[in-house]
Amino acid sequence: MTPPMLAIRDLNVWFGEPPDRVDAVKSADISVAQGESFGLVGESGSGKSTILRAVAGLIDSWSGDLQVAGLKVRGARRDRQFFKTVQMVFQDPYASLHPRHSVDAVLSETLHLQGIGNVDQRINKLLDDVGLGRSFRFRYPHQLSGGQRQRVAIARALAAEPRLLLLDEPTSALDVSVQAEILNLLSDLRAEHDLTYLMVTHDLAVVGHMCDRIAVMQHGRLVEELPVADLRRGAAKAEYTRGLIEASGSLGATA
Amino acid sequence: MTDAPLLSVRNLRVTFPTRQGLFQAVRGIDFDLGRERLGVVGESGSGKSMTGRSVLGLIRPPGRVEADRMEFQGQSILNLSERRMRKIRGQRISMVMQDPKFSLNPVMTVGRQITEAYRLHRRVSRADAHAKAIEMLRAVQIRDPERVMDSYPHEVSGGMGQRIMIAMMLAPDPEILIADEPTSALDVSVRNEVLSIMDNLVRDRGMGLIFISHDLNMVAQFCDRVLIMYAGRIVETLPARELHKARHPYTQGLLASLPRLDAPQDRLPVLTRQDSWRDDDLIAPRADTDLPGGL
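Below you can see the structure in the form of structure tokens.
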């Protein structure tokens, strides 16, 4: 049996020391199968992004059991093998690209770090993959629109040829029309490269579109895990989930 | 009711000089605002925020605002001197901005900010201003107004910060409130709460509301009438509850590109922009033909 792409067991994440300690995530269990697209939903402060950051090694104060493709990870140190498997796309493309690095610099740095040769061809291929094309190669972030920047950020994540992408609200800083383009791009890339997604968002319609299963978080705990089909049928069990569905107004919004 | 519109705008143009020549952010728009909730929808760069800012005289040189008419209750407010604009801005027309984190002063207590803003517009004693601030905080459903008065902006949540902004802006009883993406920095759950608070206040006071947003669903639920902006023009005007009957391909495209829980689809339709949308004839009936209050 192939191990799950990502197995999280009894994950606790905290910030600060007592008496100011804040428990951001409390004994969370998540398992994402290979090739699956899994959504984490909840309001801000519910701990959903914290889980992604703990997995990516951006937080060191956590306990529990984290396995990526069957390999255990510890602390906040990640080896090169990890980054070849896992990459992350951040929420705000206006903040996640270095303003003084051209697209070429961003992508070639990542490729060098991953020890991937043939940089020139790879960059062109990556830019084609994310639908930007080669003419964008020597542009700087300020010469790109928000959607184009997010495409560069996705290309950067893909440069390492990962198998698991951590997506932290990848479209919430974008216009709805651009959001549709990026969501389509992510769907295509997942099919082409056989990727696994763990996606964080507060938008139920977006997870409904992108994911197979979702988990709903509140105050650092997972309150419910359900297949998207149940979400659509309105078969959510937890009261909190039903409240979220109602508040998002995406069921019969045109009434 | 046949009162005159609160705000009447004809052929409004906002231009900025750039190295490539003049950039027209708003290209000749007409609209009237009655005592209603008017939504202004469009993508980034469509000119919706510029429209709101030009009404308040917040376009700074070298940006230029021109219009055939820009009247607030029959009085022209086009390019007023800063001194005269200050009598209107905040007091009779006020604005709630997108992110409370950036629009509240971080080194001043909430209470001092509200009372100071209020006393700028009304000659009242410190004690009266304090009482008014508490009353306003209650009106936006802050449970513990005394405590919130003494706290600093970083000590309150985003949703509470936005309610504080609304309290501050509504304290002088303005006639028009311009809300520029007032809830996009907030969570879904808090968002509805803030919207309904704003809604009640606007209704109770009979104010006109200009609600600028990129969120079509929210505008459809919350507003009476919607202007759809594209590339600096109003391409369509619709009653909010008939948004799904939109006729302009741009509006239809925007609506279609939203993922929906109740209607799953493999791929989202992507908006293909057409150059003709920039300059073609507009489908929208002219604003003055379907003014809610009548002219």
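Top line first, the protein sequences correspond to chains L and X. The working numbering puts the first sequence at residues 38 to 292. The working numbering puts the second sequence at residues 2 to 296. From the three backbone atoms N, C-alpha and C, an ideal C-beta is built for every residue, glycine too.
Which ranges would you report for the beta strand (DSSP E) in the stretch 196 to 223 of chain L if only whole runs of at least 3 residues count?
Listed in chain order, they are 201 to 205.
Nearest-angstrom Cα separation, counted from L144 (chain L) out to S258 (chain X):
In the second sequence, counting from the first residue as 1, residue 258 (chain X) sits at position 257. In the first sequence, counting from the first residue as 1, residue 144 (chain L) sits at position 107. S258 (chain X) and L144 (chain L): Cα-Cα distance of roughly 30 Å.
Out of L:T122, L:L148, L:H135, L:G280, point me to the one whose CA is closest to V105 (chain L)'s CA.
Counted from its first residue, the first sequence places residue 105 (chain L) at position 68. Considering only L:T122, L:L148, L:H135, L:G280, the residue with the shortest C-alpha distance to V105 (chain L) is L:T122.
When we look at the beta-carbon of N12 (chain X) and count the other beta-carbons within 10 Å, is it buried (16 or more) or exposed?
If you number the second sequence from 1, residue 12 (chain X) lands on position 11. N12 (chain X) counts as exposed, since fewer than 16 other beta carbons sit within 10 angstroms of its beta carbon.
For the candidate residues L:R176, L:L220, L:A132, L:S209, whose alpha-carbon lies nearest to that of L187 (chain X)?
The sequence position of residue 187 (chain X) within the second sequence is 186, counting from 1. Ranking L:R176, L:L220, L:A132, L:S209 by Cα distance to L187 (chain X) puts L:S209 first.
If Q99 (chain X) and E182 (chain X) are in contact, beta carbons under 8 Å, what's the gap, nearest whole angstrom?
For the purposes of this step, residue 99 (chain X) is identified with residue 98 of the second sequence, where counting begins at 1. For the purposes of this step, residue 182 (chain X) is identified with residue 181 of the second sequence, where counting begins at 1. About 4 Å separates the two Cβ atoms, so the contact holds.
If the criterion is Cβ atoms closer than 8 Å, does the pair E261 (chain L) and K274 (chain L) meet it?
Position 224 of the first sequence, counted from the start, is the residue given in the question as residue 261 (chain L). Position 237 of the first sequence, counted from the start, is the residue given in the question as residue 274 (chain L). Yes, the pair counts as a contact, with Cβ atoms nearer than the cut-off.
Going by CA-CA distance only, name the one from X:P265, X:M166, X:R120, X:V236 that's closest to P107 (chain X).
For this step, residue 107 (chain X) is matched to residue 106 along the second sequence. Cα-wise, what sits closest to P107 (chain X) is X:M166.
Identify every residue that forms a DSSP beta bridge with S95 (chain X).
Residue numbering aside, residue 95 (chain X) sits at position 94 when the second sequence is read from its first letter. DSSP output for S95 (chain X) lists X:L178 as bridge partner(s).
Under 8 Å between C-beta atoms of I89 (chain X) and I78 (chain X):
Numbered from 1 along the second sequence, position 88 holds the residue referred to as residue 89 (chain X). Numbered from 1 along the second sequence, position 77 holds the residue referred to as residue 78 (chain X). Result yes, Cβ atoms of I89 (chain X) and I78 (chain X) sit closer than 8 Å.
In angstroms with no decimal places, state the Cα-to-Cα distance between I235 (chain X) and I229 (chain X).
Numbered from its first residue, the second sequence carries residue 235 (chain X) at position 234. Numbered from its first residue, the second sequence carries residue 229 (chain X) at position 228. About 6 Å.
Reduced DSSP secondary structure (H/G/I, E/B, other) of L272 (chain X):
The sequence position of residue 272 (chain X) within the second sequence is 271, counting from 1. Reduced to three states, the DSSP call for L272 (chain X) is coil.
Touching or not, the stretch 85 to 103 of chain L and the stretch 47 to 61 of chain L, by the rule of three or more beta carbon pairs under 8 Å?
Yes, they touch.
N106 (chain X) touches chain L at which residues, Cβ-Cβ below 9 Å?
For the purposes of this step, residue 106 (chain X) is taken as the residue at position 105 of the second sequence. Within 9 Å Cβ-Cβ: nothing; N106 (chain X) doesn't reach chain L, min ~23 Å.
Looking at C-beta atoms only, is the number of pairs between the stretch 228 to 241 of chain L and the stretch 197 to 211 of chain L that lie closer than 8 Å three or more?
For the pair of segments examined, the stretch 228 to 241 of chain L was found to touch the stretch 197 to 211 of chain L: the number of CB pairs separated by less than 8 Å reaches three.
Throw me the rounded Cβ distance for the G79 (chain L) and M254 (chain L) pair, which I believe falls under 8 Å.
By 1-based counting over the first sequence, the position of residue 79 (chain L) is 42. By 1-based counting over the first sequence, the position of residue 254 (chain L) is 217. Contact holds; Cβ gap of about 4 Å.
Compare the beta carbon distance of P130 (chain L) and Q216 (chain L) with 8 Å and say whether it is the shorter of the two.
Counted from its first residue, the first sequence places residue 130 (chain L) at position 93. Counted from its first residue, the first sequence places residue 216 (chain L) at position 179. No, Cβ-Cβ distance for P130 (chain L) and Q216 (chain L) is not below 8 Å.
Please report whether the beta-carbon of D212 (chain L) lies at a distance below 8 Å from any beta-carbon of chain X.
For the purposes of this step, residue 212 (chain L) is taken as residue 175 along the first sequence, with counting starting at 1. Answer yes: the Cβ-Cβ gap between D212 (chain L) and chain X drops below 8 Å somewhere.
Looking at the C-beta of H131 (chain X), does it have a partner C-beta in chain L at a distance below 8 Å?
Looking up residue 131 (chain X) in the second sequence gives position 130. No, its Cβ sits nowhere closer than 8 Å to a Cβ of chain L.
When we look at the beta-carbon of F52 (chain L) and count the other beta-carbons within 10 Å, is it buried (16 or more) or exposed?
The sequence position of residue 52 (chain L) within the first sequence is 15, counting from 1. When all chains shown are included, F52 (chain L) counts as exposed.
Go ahead and pull the three-state DSSP assignment for P101 (chain X).
Stepping through the second sequence from its first residue, residue 101 (chain X) is reached at position 100. Reduced to three states, the DSSP call for P101 (chain X) is helix.
So which residues on chain X does E80 (chain L) lean against when the C-beta distance must stay under 9 Å?
Residue mapping note: residue 80 (chain L) aligns to position 43 of the first sequence, counting from 1. Per Cβ cutoff of 9 Å: D188, V189, S190, V191.
For the beta strand (DSSP E) that contains A65 (chain L), what are its first and last residues?
Counted from its first residue, the first sequence places residue 65 (chain L) at position 28. In this chain, the beta strand (DSSP E) harbouring A65 (chain L) covers 59 to 69.
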